[in-house]
């Protein structure tokens, strides 16, 4: 088992109603699998929201394996003008 810290901002913070969560996951969990877990936990609040995944402050691909102690951020699109 590994422990992952999820930092929550913007729509993710709204959907999960917190700034930060700790998840215990199976060894070998990928960033894509973790995103699916977070989406399930949010109910339908993240439905249709495109998210980028960053691990330890670097954008990663969907197949990136997560490790104990990683800090993950799911980043929604930035809006503004």
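Numbering (the numbering used here), first residue to last: 5 to 85. Yeah, the Cβ is synthetic: ideal placement off N, Cα and C, and Gly gets one too. Since this is a predicted model, take the numbers as computed values, not measurements.
1) If we ignore side chains and look at the alpha-carbon of each, how far apart do residue 50 and residue 79 end up?
2) What's the C-alpha gap between residue 11 and residue 22?
3) Please go through the same chain and pick out, in chain order, the residues whose beta-carbon is closer than 7 Å to the beta-carbon of residue 17, but skip the five residues on each side of it.
4) Would you identify the three-state DSSP class for residue 13, choosing helix, strand or coil?
5) Note the first and the last residue of the continuous beta strand (DSSP E) segment covering residue 24.
6) Can you tell me which of 20, 19 and 25 puts its alpha carbon nearest to the alpha carbon of residue 9?
7) Can you tell me the Cα-Cα spacing of residue 29 and residue 56, whole angstroms?
Concretely, from the data shown:
1) Against the chain shown, residue 50 aligns to sequence position 46. Against the chain shown, residue 79 aligns to sequence position 75. The alpha-carbon atoms of residue 50 and residue 79 are separated by roughly 12 Å.
2) The residue you call residue 11 lines up with position 7 of the chain shown. The residue you call residue 22 lines up with position 18 of the chain shown. C-alpha separation (whole angstroms): 9 Å.
3) Numbered from 1 along the chain shown, position 13 holds the residue referred to as residue 17. Excluding positions up to five away in sequence, the list reads 23.
4) Position 9 of the chain shown holds residue 13. Three-state DSSP puts residue 13 in coil, outside helix and strand.
5) Your numbering for residue 24 matches position 20 in the chain shown. Run containing residue 24: 24-29, per the beta strand (DSSP E) assignment.
6) The residue given as residue 9 occupies position 5 in the chain shown. Considering only alpha carbons, the answer is 25.
7) What you label residue 29 is simply residue 25 of the chain shown in a count that begins at 1. What you label residue 56 is simply residue 52 of the chain shown in a count that begins at 1. Computed Cα separation, rounded: 20 Å.
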